[in-house]
Structure formats: structure tokens, C-alpha cells
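These notes are about the structure you will find just below.
Number of protein chains: 4
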Amino acid sequence: MSMNSFGHLFRVTTWGESHGPALGATVDGCPPGVPVDAAMLQHWLDRRKPGQNKYTTQRREADEVEILSGVFEGQTTGTPVQLMIRNTDQRSKDYSEIMDKFRPGHADITYWQKYGIRDYRGGGRSSARETAARVAAGGLAREAIKTLAPDVQIKGYMTRMGALEMDRARFDWDQIDENPFWTPDATAAQEWADYLDDLRKSGNSVGAVIEVVARGVPAGLGAPVYGKIDTDLAAAMMSINAVKGVEIGEGMSAAMLTGDNNADEIVMGANGPEFTSNHAGGVLGGITTGQDLVVRFAVKPTSSILTSRKTITKSGEAAEIITKGRHDPCVGIRAVPVGEAMMACVILDHLLLHRGQVGENRGKIG
Amino acid sequence: MSMNSFGHLFRVTTWGESHGPALGATVDGCPPGVPVDAAMLQHWLDRRKPGQNKYTTQRREADEVEILSGVFEGQTTGTPVQLMIRNTDQRSKDYSEIMDKFRPGHADITYWQKYGIRDYRGGGRSSARETAARVAAGGLAREAIKTLAPDVQIKGYMTRMGALEMDRARFDWDQIDENPFWTPDATAAQEWADYLDDLRKSGNSVGAVIEVVARGVPAGLGAPVYGKIDTDLAAAMMSINAVKGVEIGEGMSAAMLTGDNNADEIVMGANGPEFTSNHAGGVLGGITTGQDLVVRFAVKPTSSILTSRKTITKSGEAAEIITKGRHDPCVGIRAVPVGEAMMACVILDHLLLHRGQVGENRGKIG
Amino acid sequence: MSMNSFGHLFRVTTWGESHGPALGATVDGCPPGVPVDAAMLQHWLDRRKPGQNKYTTQRREADEVEILSGVFEGQTTGTPVQLMIRNTDQRSKDYSEIMDKFRPGHADITYWQKYGIRDYRGGGRSSARETAARVAAGGLAREAIKTLAPDVQIKGYMTRMGALEMDRARFDWDQIDENPFWTPDATAAQEWADYLDDLRKSGNSVGAVIEVVARGVPAGLGAPVYGKIDTDLAAAMMSINAVKGVEIGEGMSAAMLTGDNNADEIVMGANGPEFTSNHAGGVLGGITTGQDLVVRFAVKPTSSILTSRKTITKSGEAAEIITKGRHDPCVGIRAVPVGEAMMACVILDHLLLHRGQVGENRGKIG
Amino acid sequence: MSMNSFGHLFRVTTWGESHGPALGATVDGCPPGVPVDAAMLQHWLDRRKPGQNKYTTQRREADEVEILSGVFEGQTTGTPVQLMIRNTDQRSKDYSEIMDKFRPGHADITYWQKYGIRDYRGGGRSSARETAARVAAGGLAREAIKTLAPDVQIKGYMTRMGALEMDRARFDWDQIDENPFWTPDATAAQEWADYLDDLRKSGNSVGAVIEVVARGVPAGLGAPVYGKIDTDLAAAMMSINAVKGVEIGEGMSAAMLTGDNNADEIVMGANGPEFTSNHAGGVLGGITTGQDLVVRFAVKPTSSILTSRKTITKSGEAAEIITKGRHDPCVGIRAVPVGEAMMACVILDHLLLHRGQVGENRGKIG
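Chains as they are written, first to last, in this note's numbering: chain A, 1 to 366; chain B, 1001 to 1366; chain C, 2001 to 2366; chain D, 3001 to 3366.
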């Protein structure tokens, strides 16, 4: 029982703090024979890397991943894969402002209350830098999925920034990689750019909604009743820094529907059952239907802002705090590749679980 | 790694199907010396029991819990507690209608695709009857919490039924137990009663939102980064039948806030840190702040409705289906005690985990 | 993390005490589609059942197993299988002798020191009755193995009783089921009968060595480095009541060999690699070789004897104790079916694990 | 469920191969506030380090441990501790001899049969180099134990080399660190030195028995019935390379005792219960008694010897093999610090588990 691990058969343990020498992921249970090298993983890390445009933190981290074990002659061996990322930008600075004061909306107060000790240089273990390790592990999961279920495609994108929501009528897959917000709505991207620019200059921050979709997932994945694939997705996404809500398919809006509107009708297609709608988000009873698997999560605005806020010190005295530094005005942007990584890990895990517990003899229809 | 278990040190494994001889919960890790008897658990089961008013299924189950192990002379011994509930209402009926057809929105198609075998008499393992076992285990968790953190109070209630939302200005704790919907808004209760009555008569169903609050939870509970208390709550709630979304504090709305609005300011109170607001829902960085712990979840409308829907048979032929039977027009009602039970289990688990991994030497403030 | 569970994908949680209403096993992860009914499991329970001859306890337990879940129309469904055994012989008796005194060599003192509460009626959770649940689960594992690896055969037998060891030159498979000690040496069986008869009459007890062999296990099972199949077997056997030592292949005697004597030479046989000897006991590096899988364990003599022994009371006063009752003079006898059951569970678990993590694409030789 | 992890609350995951860039241990669950630095861990690694005398492999590894996370300003923070050891002696050599041939008694054949891929440069993941990571983690466990149970002392030593056994009458704690075999019998050390010197020159190898004792362990540790402390110790020791048998207290010899000889009598001492003997090895019913905790394990002779042995190639052809290289004539020597490390990890784990599940309110005696 490791509290820094997730997954069942594909088991990822992340380690490391924002200002220590390194961080990484110990990945156990990756199947043998998966072709992989550091460059394949680096591709995904580069998407999450800070400092790529003016909308993300200007902290400069190379985020170069090294594979220290588990890969031999370009293939996984079935033994643990250690993925290490050195911290390079640990600039010497004055921590006196945050060393004794707690930041409203930040985990520093709870880490202190829990452990009685904390790494005050940045967020320590609670820093979003931890998600770099997830992205590296997710890259490995993607390569393994290719060998097991080659039709699977995973894509994340932003659907809301603060009060501004994308328009689903303008949804265009090809737009996703064309703007700094990974949104499929080009018009929204332009609006958000202007909005975020103003916000950044004022030292404020804003929340976002991210949607991650997996296409081509086989029907039958998910292990009821506490290893349901939507249960695992909810946990995976909620464990990401700053996430406050997770939805599957209709999500919270399912509460507003009546039964006749919600039930996705079933018809027989050329390759098996098809559904006339996807309110379910690709999951029934915790098991995949073969439809698009759709998960959505909300990221709160970062607590590191230039507006002065009331707080207290470790000795309990009233204080004011402004968090200077190089922070993301909308951390949701960099949460997109993280959400994709978690989706990849969960899908791979359930591909392996299904193979282990059930094998291939599934119920045929038609 | 059991797929029918949840929790770390307080570990609950549920078992049983809707139409088998019995169902139950095997509870491992309950601390020794907790005073408990069957009647204490029955109290909570009676709240979930079907057939208590016209808004819940008319299936008649006694839902009587028996304690088969782990309790001696009125106290837990530290060994596994087996909680068994006999199924009594297994009325002989004609299953030919649903035996070969899949119900839109129901797990029968995915169970078939996964396992190639399914218990067609009702929902089998995917039936909401499984939640009776959760409520029994939650009752035991409540008793154990009393011995470890006696200030903890857990309360669930409905905040939305379909398009109708309660008004938080009318929030009244004392109303919660006074209406069949467990809503703190007496006016809403009346509106919902009329609405649901109409819906029930038309054979339709509707979704709901449930909120569960825990007061008096000590600061410092939660095990970052994949055993965060909000991560565990998200998984716990998403694993309940028909749940499609989970929120902590602001939830999905956190995406709409800016940083200066979202960060709960901190002041020093008589008994330690206090916060001027609770956007966080009592959790920062996955660890409790000592504020109210607030989780919300959406329950979709049940798929068992009298409206005819298109579907297919196991042999792949097109068909129409109407699900007759004794179903809940709003399953969200009976999800209230289930949500409370999951909250109790998660809190107890994290009380034990914190004691094990950290002990009592927490960081003092002031 | 349940402390009353073992196994990874095939996960067995046992529950119950010797004098409660019932005990049993909650079995999660049994593959779907395994033909099974209560009678198949009863067959194995009857082998372990007490009171069958004068060499085992005269306690009369029917040990009838009921299947409460997870089986539908004669096949497993993939959901948890609950196996319950009612305690029938809870004869009212005077516990005053053992209620306050600790029995030398018995777990009553450590349970008390750990939990501060204990079920003094018999051994409670530490009673060997717990192993009935293992045997039931092992019976289910055997049926599942038949569908996955039909060549596997599992057989346990006694090789030593006290100072008396069987002679391997007289090893005869067909003798195993022909004597009350399940020993393959008919001559030893006769000697042991006389010896144990005397011992029983004098109210003493004696230890034993049990060997369990699995034939036909495919090469490649085992998950290095902490889920090695021999690691899991060592844990499985050591968890049985009264076991003090576990050996694989040569076991402790491996320490006495030199490298040239120990290394089993490899030759190519008709169906793949063969070995000219089996010092390894069928395991290299924690993975099966395809040879006979051989595990051996020592069972200490039961502590319940008629000889008076020095002890103390709960209040710390010196005392003498004699344990009257209906105890086994050689508990090792009834440990034979238990060891077989554990072997079956471990093999099934690793068949599933291998299928999950590696699949079928194994390294071919030749 | 990681197959490269052990422990419950103190959870160690090792990673790395003998000829990759590095290996290490990801340690999750170490309590916060434990004073530790790399030098403290290095102390224990230096005991295991190869090439220190002529009786161990001449491979030259610095075995320098780096702490990459989880320690801040000289104390653990409660977050994962990453312990990395670079492989430095990866000398370029000709692997053609072992690349296609399997070594009798070695894991190369089973790794190949399981995974269909293997790192043929040395043992890969099956190499005893993996145990360096265990020793590093064990060093951390020792420091944590000091803060929780300062009276605990852990000591390992060799009791047998091949046919030569130490004489318990000459047992002298102070001798243990005075000879290359860590044996408490100075006379045996001299005999073994001569014997091993001859064996080494002839290119042969020999097995050994190691005993590890923990003194000062509090009564009450151990989590029945599948997390018994002896069950966990059996698994921990059996998972060490080349181990074929594990014993607790009397071990296999318990089979030869009668009940009146085996039961350790109890008397009341100045500080609580005492026992007049320790056949139990400090464990009753899987829970510590407060006596010395005694575990013993047998290490087989290494398979890497200069005697020619029959084997086959990957293509199934008959061959002969001699394993040249820099191997340990008695790997048991370097298994001593490894056994100690495993003992430390298990004890710390159960100290945490007991605190979590039971707390401090234990049953008092007297």
C-alpha cells in the first residue's frame, strides 16, 4: 500500500519534490517487449514543459527524462522502469516571505499540520512539478497500449477558461494542437488569449475545464465494483493538483435528465453494438461500452497571485501575503497533457487487468 | 488487490448479487474495542431500505444485518467483521423479457461483453442492492470514528432533483430528516414531491445531486499524492451505482473563479487556524484543513423506465424494450445514506492511516 | 491492504472465529465461467474435517460449505464468491480455566497484548478452524486451474512425524490416500499410528513435516522480485497455524551443497527443456521451470496438552495450566489439505498474473 | 499491486538491473522527522559491498547511495525517499558465451521463458546487485525504528557454511564483526576461511545458513492472519536471491518436538511476562511476544562455477557451459546485511501498522 502509487497491474509510483535534485516515476508492471526510448517519452514531456509561451510559468526546466532501468536494447523487459527527471532550475532565492507564512489556497498549511515539517522552497511534494513524472509514465503507457489495443487514441483539450466556454458547434480536432490552450475551438482560443493576457499582467489567475477522450477503447474494460474504470478515472484525475471536480459523460448534468432522455439507445452496427448517443461517456456499470470514453475535470485557479491576501504565520500571527514568482496564470493549460497521461495509464492498467482476470473469452453479441 | 474492496487500513470488501441468497461486507481493519451490535448498524440500513414511501422502489427487503464475526461481548476484536444481509424478496417472475435483451443505460450489456455470463435476474452484481452492504460497513465506521474523533458529524442531503434545485438561502439542518428527500430546504421538498409523483405515474425517472458534509474532521488527514482524501472520496462516490460526477467544495465551478476569489483567507481563531470561506471544501493538497469536508455527486436517472426504447438482443437483432418492475423513480434518494456511509469509511480509513504513518506529532500553529 | 487476505489477482479474504456463528472466505478475482458447486468444494473440506479418526480432534463440525454469491447456474460469474461455513459444535462449557490464564505456546497471550480484547472461547481467530475457509477457497482454485492449466496436479503428504521420518525409497503415490497420515510410505504409516496412539493417550502432541507437490505447472509463472512464486508460497505456508519453517526444493539443506552438486543440468526433451535433477524445487529466480514445484513446511506440536505447564494469569500471577479438550495430537495431519489448498491458490493467482502482465508471448526454446 | 514492492505502510519498491545505469529503492511511507543522511545509509551498504576481501566477488562497485527525494534539511518529510545507486563497474566484455546458453541453476532460462526477452549482461534484474537497494532501504528503516522503538537491535550472522556448522556453545556477539563471515564463533571462522579458500581456488561455490535476530521488539506486533510478522519475514527472506528455506525459532526442527518440550513456559518478570525458553522464536500466532525475534534462512551455492555443466542453447541444442567471471564463492556472506535489512523493514512496517490499526491501548498484564 503505497500512497504515492496508482494503478493495479500497471503500477506507477511517483517521487520527488520541486526543489530537490530530481523527481521521477517508478513504473512496475509494464509488459515486456514494448519498443520505447527516451525520445518517445520526451515528446509528451515537451508538451507539459513550462516556459513555452507567455501563458505558462517562466520557470525554465529542461524536463529531460532518463530511463534508468527496465529497458534493454530498445524494448521493455518486464522489470521496473525508472524514469528520472533532474530539476535544473533551482534558482537561489529569498524564501523568507513564504517560509513562515501560509499561502491561502495552498497546501503549505496542511502539509505543515500533517507532517510538522515541510519543504518551504516552492511547493515541495505538493508542487505541480510532480505531474512531469505522470506525463513520462503516461508516455510509456501509450507505447504499451499500441501493442495491445492499437486503435486507441487519447486526446485532451480545454473546454472552459474561467467564465469563457468553448462552443461545441465549432469543435474541430485539427485545431487542438494549433493553439496554446489545446482547445478545439479556434475562436475561443483567440478570446482566451486576450483574456489571459490581461489576467497575467494583473497578477491574477483563473480556473479551467479539461476534457480527455479516448477513442477505440474495446468494450469490456473495468473491474466492478470498486475498480470500475470510471472510479479509477475519477481518482486519477482528482489526484492531479488543483482538480476539484470530475465528470464522466454527462457528468453533473446527468442529475438534470429524465430516464427517457438519458438512456443511450442501442442498435446493431457493422462491427457490433452501437449507441445512438453517449450520455454515459462510454461506461455502463463501470465497464467500457466501446464508445468514446469521456472524462472531464475542473482545475481551480492557482493560489499564487499578486493580490494581497490575509493569512497567518506559523506562530499564529496575522499577516498579509503576496506570492511573487513565476507562476502559471492558468494551470489548467498544462493540466491537459497530464490528464491525457492519466487516461493512458488507466486504460493500459485495465487492458492488463481484463486479460489477467477474464482472458479473451468475452460475451459475443450477434 | 481485490476489485471488490475499498479502503487502505479500514478495508471493506462487498459481495453478493441482487437475487442470490445473501450479500454483505467483509470488513477488515476495524480497530479493536469499538462497542457495536447489529441494532446500531440496522439504524443506518433502515434509512436506505426500499419501500418506505411511494418515492422508492416497492421491492420489500427486510435488509436485516447479521454480524457473523469480529465482535465479541459487544465489542470489536480487531479481526474481520462479517456483515451479512439475506435477500428475502426474490419473487419468482418471468425474466424472458430482459433475459435476452439489453436495457439501454444499464450495465447488462457491458457485463455480458466482459464476462460472457451474467445473472439476468435483476442487476446481479451491478444492482443497487450492493449498496446495502456499504451502508452496513459505514455504520461500523461511524461507531469506530466515535472512539477516535468524537467531534466528527456526517450528514448527507439532496440538493437537486432534475431541473429543480434547492435554495441555499433556505438551508435548514433540522429539515433534513423531516422529508422523504433528505433535503434541508422544506419548500423544495414540497415541489419535488409533486414533481416526482407525476414522474412516477408516467413511468419515467430523474437524476439528482447529493451533498455529503463532514464536520469536526481534524486537520491533517489525507495521504498525498495518490491517497489524497479527496481522491479517495472521488473514487468512493464514483463507485456508487449511477454516479456520473463528483465535486469537492466549489467543484466544477472552481473553473469559473479567479485566484483572488478562490483562495480562502486564513485567520487565527480561538482553537487554531480558521478560514473566511470554504471554496476548498475542507481539503488543500489532498489533506484536510479542519473545515467542513464537502463532497457532492450526481446520480443519473435509473434506466428502468416504462418508455419504450430501442435496443438489441444477444443475437444482435433489433428490439424494443420496456422495463416493468418495482424501480425507484429517483434513485438519488436512496443514494443519500450510501454517500454518508462512503464518507464515514473514508474518514475512518484516513484517521487510521494518519495515526500509522505520522502518529500524533503534528505541526502546531500558534 | 487487508491483513486477512492473500493473493494478488485471485484474492482470498478469510473471516470468522472458532466459536462465532460462522466463518468463511470471500474470494475475489475468480475467473468467470468456472463450473463449480458446493459439493465440489465439500470434497476437499471433508478431507480436513475433524473427528474422522482417532488421530484428529473429536470436535464434531459438519463443516458444510454454502456458496452465497458469485455462482449462477453452476458457473462462476467473475464476481466475488462468498463461501460460508457455519460453526455447529459450539458446546457450552466452562472456560474459567483458560479465561484468565495464558496457555504456553498459544497465541492467547499475544492477542491479548496486541488487542486488549480476545475471544477466550477456544482460539478465536487464531484457531485452526480458520483453515477450513482456506480449504474451501482452495477447492474453488482447483476448479479454476482445470480450465486454465488442466495438466496441473496438486498433492500433499506427510514426510515426518516427530522423530520418525518416511523413507523416500518407499515413496508410493498410490499409498497417500490409503492411510490417515497421507503419507506415501505405508510402513511409516504403521509406525506413526502406533507412536501417535501412545502419545494421544498420554495427552501429549507432536510436530510434523508436510510436503506439497504440484506437477504440470507451466514454466514462466512467478513475478520477480517480491512476487516470486516461492516467496508467495513461503508466505502462504508460514501463514498456516503452527508452521515454523518453509522450504523450496532442497530447502535448508541447500546450504550444505556445493555449486557443482546443486545446479540442475539442462537437456532438451521431446516437449522442451528438461532437467536431470530438481534441487531447485521447480523454481529459478522466483519463476517456475516446468519441473515439479516442491514446497515443504514444518508444523509444531499443538500447545494444548495434558501436561501441566507454568504460566501466568492476566493479572500477572504465577499459575499452572493443563489444557483439557478435544485437541489434535498431531495437527500436522489436518495441515495436509490446507497446504494443498494454499498451493492451489498460489498457482491460480500466478496463472492469472502471468496472463495479465505478460500474456502468451513467451520465450520459445528450440 | 507492484510485484517489485514489499511492505504495507513502509513500502519499498526496488528497481534496476546489474548492468544498467543505476538501481535503487523508492521508499514510501517512511514517517516524517527521521534524521537521516546518505552517510548513515552508506554505512550499511559498505558492509554488503563486493570486493572487500578475497571471499567475495572482485567486481568493484562503489555502491554509493544518493538520496534524491524525501529528505529536507536532514530529516525525512513523509514523502517518498528515492535512494539511487549508480552502477560503475559495467566492464565491457564478451557475452557470447552466456548470451545464448542457459546457466544451470540460474534464472536466465526462466526469465527467458517468462518474458521472451532478457538482459543477458550478467543477471539483469535477477542479479544479487538488486539487494544493494534493499540494504539502503533497510538503513533508512533502522533510523526510523530508532525514533519509534529505540530498544530494538538487529544483528545477522552466519551459522553454517556447507557441511560446517558453528558451535552455539562458542556463540560470542562481539566476534560477529571481527571476521569476514560475520559468525559469532571465532573457531568456525578460521575453519571456514580455510575451506572457502580451497573452494574458491577450485572455482566451486557453497551454500550457507544465516540467522538474523532482533532484540527489544515490543510485544504485540504482527497482523493476523495473512500479515503475521513471521509470514512477512518468511516472504522477505525467501525473496532474497538464492534463498531456499526460511525458519522461525525452532524452524523445521519444530516437527521433531513433542508438545511438552515445545511450549515455552511463562513467568512474570520485573517488566512483564517472560518466557523460560524461546522455541517460538519470539512469535506466537503471528504476533511478537517481546522475546528475541529469530529468523534463519538457507542460501544455496551460486550457480556461477568453473565446473563444466550440461545445458542447452536458446535454439535447443545441447551444450556445455563454464561460467567465468568474478563471482562469490559463498554468496551467503553478503546475504547477512541483506537479511538484516529485510528484518529492519519488516519491523518498522509492523510498528507503523500496529500504531495505525490498534494504537497504544494494548492489553496490560499484571
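Heads up, the beta-carbon is just placed ideally off N, CA and C, and yes, glycines get one too.
Assigned exposure category for residue i - 16 Cβ within 10 Å defines buried
i           : result
Asn-2004(C) : buried
His-1008(B) : buried
Gly-2074(C) : exposed
Tyr-95(A)   : exposed
Ala-2169(C) : exposed
Trp-2192(C) : buried
Lys-2054(C) : exposed
Pro-2104(C) : buried
Ala-62(A)   : exposed
Thr-3276(D) : exposed
His-1043(B) : exposed
Gln-2190(C) : exposed
Gly-2016(C) : buried
Residue i at chain C interface by Cβ criterion, 9 Å
i           : result
Ser-3002(D) : yes
Asp-1028(B) : yes
Tyr-3055(D) : no
Glu-3247(D) : yes
Residues of its chain near residue i, where Cβ-Cβ distance is below 6 Å and the 5 sequence neighbours each way are ignored
i           : result
Glu-3066(D) : Met-3084
His-1327(B) : Thr-1057, Thr-1302 and Ser-1304
Thr-2013(C) : Ser-2002, Asn-2004, Ser-2005 and Thr-2026
Glu-2247(C) : Arg-2296
Asn-262(A)  : His-279
Gly-1078(B) : Pro-1032
is_contact[residue i, chain D] using C-beta, thresh 9 Å
i           : result
Ala-136(A)  : no
Val-1152(B) : no
Thr-1289(B) : no
Met-84(A)   : yes
Phe-72(A)   : yes
Residues near residue i in its chain [Cβ-Cβ closer than 7 Å; skip 5 each side]
i           : result
Val-3338(D) : Arg-3048, Thr-3131, Arg-3134, Val-3135 and Ile-3240
His-2106(C) : Ser-2303
His-3354(D) : Gly-3220 and Leu-3221
Close-in-space but distant-in-sequence residues of the same chain around residue i (CB under 8 Å, 5 per side omitted)
i           : result
Ile-98(A)   : Asp-108, Tyr-120, Ile-321 and Thr-323
Lys-1228(B) : Gly-1222, Val-1283, Gly-1285, Gly-1286 and Ile-1287
Met-3166(D) : Met-3158, Thr-3159, Arg-3160, Thr-3183, Pro-3184, Asp-3185 and Ala-3188
Phe-2072(C) : none
Beta carbon proximity, residue i to chain B, threshold 9 Å
i           : result
Ser-2308(C) : no
Bridge-paired residues (DSSP) for residue i
i           : result
Met-2158(C) : Ile-2210(C)
Pro-35(A)   : Gln-75(A)
Phe-297(A)  : Ile-210(A) and Val-246(A)
Glu-1320(B) : Lys-1310(B)
Val-1065(B) : Ile-1085(B)
Trp-15(A)   : Gly-24(A)
Glu-1274(B) : Val-1267(B)
Chain A within 9 Å of residue i, Cβ atoms only
i           : result
Gly-2356(C) : yes
3 or more residues per run - each beta strand (DSSP E) lying fully within the stretch 2235-2262 of chain C: Qualifying beta strand (DSSP E) stretches, in chain order: 2243-2248.
task: Kindly provide the ranges of any beta strand (DSSP E) runs that are 3 or more residues long and lie completely inside the stretch 120-147 of chain A, ordered along the chain.
output: None, since the stretch 120-147 of chain A contains no complete beta strand (DSSP E) of that length.
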